[in-house]
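Read left to right, the sequence shown gives residues 1 to 297 (the UniProt record's numbering).
Worksheet for the structure shown next.
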Amino acid sequence: MAFDNLTQKLEEVFKSLKGKGKISEDDLKQALRQVRLALIEADVNLGVVKDFINRIKEKAIGEEVYGSLNPVQTVIKIVKDELTELLGGVQSGITISSKPPTVIMLVGLQGAGKTTTAGKLAVYLRKKGKHPMLVAADVYRPAAIKQLQVVGKQIDIPVFANETPGANPVDIARDAIAASTSMLKDVVIIDTAGRLAIDETLMTELVNIKQSVRPHEILLVVDAMIGQDAVQTAQTFNERLGIDGVVMTKLDGDAKGGAALSIKSVTGRPIKFMGTSEKMDGLEEFRPEGMASRILD
Ligand code: GDP
């Protein structure tokens with residue numbers, strides 16, 4: 001990640017001041033410039049970076065970094081704490097309804113990783129003692145239904161689909177929920193259609209599904225590789241549809257991941273999970289603190 005050597009960079013900044021027992025406010029400014037650059041390099045939204053740096057500055061001054069014995073460690077700790085905060089503080093999981101089935105709707109652009117995440121989420125919930133089923137609500141691409149069926153077979157989770165041409169995704173979702181009881185399933189995971197870009201038709205369809213089935217969780221799946229665009233995507237989906245959380249996929253690649261920092265502060269919605277491989281066990285609960293450490297180490 002772009003932050004890989006932020007700690008190292010900060011150490012260098014302070015090393016160049018060797019001989020001095022304490023650092024000055026000016027030295028701190030230099031260190032914060034490195035933090036700022038690293039954040040921008042990692043695709044963090046400019047406004048977010050500005051607020052972030054200001055908060056760190058205030059804290060650092062409050063803690064009198066330039067009077068402390070180990071200013072590097074102090075600055076790094078402040079940065080890490082603030083990153084954790086920015087990433088959403090305590091991680092929040094899936095809301096399980098007291099009255100089954102719990103309905104989870106996955107939305108997102110095509111290629112973001114919805115279908116893969118649907119499978120991963122089913123595996124994750126099964127491990128927690130739930131009995132999930134998958135629903136193919138992308139009726140436009142026959143390949144999409146097929147793909148979900150392949151995933152379902154691979155992980156041994158039933159897939160509800162209707163391959164009749166012209167089938168309506170709202171009806172499919174409703175039928176699936178109605179069928180869940182006789183199928184003895186307590187979690188219904190709906191894989192919806194995606195488009196290459198956000199458009200009216202897609203949003204209207206998703207809003208219709210939402211209004212009809214009232215999901216307990218609407219999770220937006222975003223690809224970490226698209227950087228700042230992920231923030232824009234999250235903002236638009238949240239405004240138009242309302243989302244409960246975000247799954248950020250492909251964090252196993254060399255994605256900068258900085259979008260994770262901006263999503264929470266821009267949309268107010270937490271990142272709940274991250275995708276860390278193409279495999280069905282490659283889904284992890286998002287831990288702000290873990291991510292912040294990863295960013296700094
Ligand atoms: P959808 O169009 O949103 O349903 O996206 P897919 O589930 O088909 O995923 C698109 C591609 O991204 C596929 O090749 C997946 O294997 C891949 N993919 C999804 N999630 C991850 C992830 O967390 N890590 C990696 N490396 N690849 C992923």
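Backbone N, C-alpha and C fix where the C-beta goes; we use that ideal spot for every residue, glycine too.
None of these values were measured; they are calculated from a predicted model.
{"Item": "C-beta atoms of I209 and P169 nearer than 8 Å", "Value": "yes"}
{"Item": "Residues bridged to I271 (per DSSP)", "Value": "V246"}
{"Item": "Range of the contiguous alpha helix (DSSP H) that encloses L188", "Value": "As written in the sequence, residue 188 is Val, which differs from the Leu given in the question. Note, V188: premise wrong, no alpha helix (DSSP H); beta strand (DSSP E) at V187 to T192."}
{"Item": "Inter-residue CB distance, D244 and I218 (contact presumed, cutoff 8 Å)", "Value": "5 Å"}
{"Item": "V221 and G113 closer than 8 Å at C-beta", "Value": "yes"}
{"Item": "Contacts around M291, its chain only, beta-carbon distance under 6 Å, and the 5 residues preceding and following it disregarded", "Value": "L87"}
{"Item": "DSSP state of V221 mapped onto helix, strand, coil", "Value": "strand"}
{"Item": "I104: first and last residue of the uninterrupted beta strand (DSSP E) it sits in", "Value": "T102 to V107"}
{"Item": "Endpoints, alpha helix (DSSP H) assigned at V75", "Value": "P71 to L86"}
{"Item": "Closest residue to V107 among T249, L37 and I40 (Cα-Cα distance)", "Value": "T249"}
{"Item": "As assigned by DSSP and simplified to three states, the class of F286", "Value": "coil"}
{"Item": "Pair within 8 Å by beta-carbon distance, T115 and Q147", "Value": "yes"}
{"Item": "Backbone secondary structure at A42 - three-state DSSP", "Value": "coil"}
{"Item": "Cβ-Cβ separation, L39 to A60 (assumed contact under 8 Å), whole Å", "Value": "Contact doesn't hold; Cβ gap of about 16 Å is too wide."}
{"Item": "Straight-line gap, G258 to I94 (C-alpha atoms, nearest Å)", "Value": "23 Å"}
{"Item": "Integer-rounded CB distance, given that V48 should sit under 8 Å from S262", "Value": "5 Å"}
{"Item": "For V187 and K55, the rounded distance between their alpha carbons", "Value": "The sequence given here places Arg at residue 55; Lys does not occur at that position. For R55 and V187, the distance between alpha carbons rounds to 41 Å."}
{"Item": "First through last residue of the alpha helix (DSSP H) which encompasses P158", "Value": "Per DSSP, P158 belongs to no alpha helix (DSSP H) and is neither H nor E."}
{"Item": "Cβ-heavy atom distance, S262 to the ligand GDP, below 7 Å", "Value": "no"}
{"Item": "Buried or exposed (CB count within 10 angstroms, at least 16 for buried), A193", "Value": "buried"}
{"Item": "The ligand GDP heavy atom lying under 7 Å from the CB of E205", "Value": "no"}
{"Item": "DSSP three-state assignment for S277, whether helix, strand or coil", "Value": "coil"}
{"Item": "E25 beta carbon near the ligand GDP (any heavy atom closer than 7 Å)", "Value": "no"}
{"Item": "Residues of its chain near residue 312, where Cβ-Cβ distance is below 7 Å and the 5 sequence neighbours each way are ignored", "Value": "Outside the shown range of the chain (1 to 297) lies residue 312, about which nothing can therefore be said."}
{"Item": "Any chain B beta carbon closer than 8 Å to D252", "Value": "Although the question refers to chain B, the structure presented lacks it and comprises just one protein chain."}
{"Item": "For M183, the residue or residues it bridges with in DSSP", "Value": "Answer is none; M183 lacks a bridge partner."}
{"Item": "Cβ distance (whole Å) where N238 is taken to contact T267 below 8 Å", "Value": "5 Å"}
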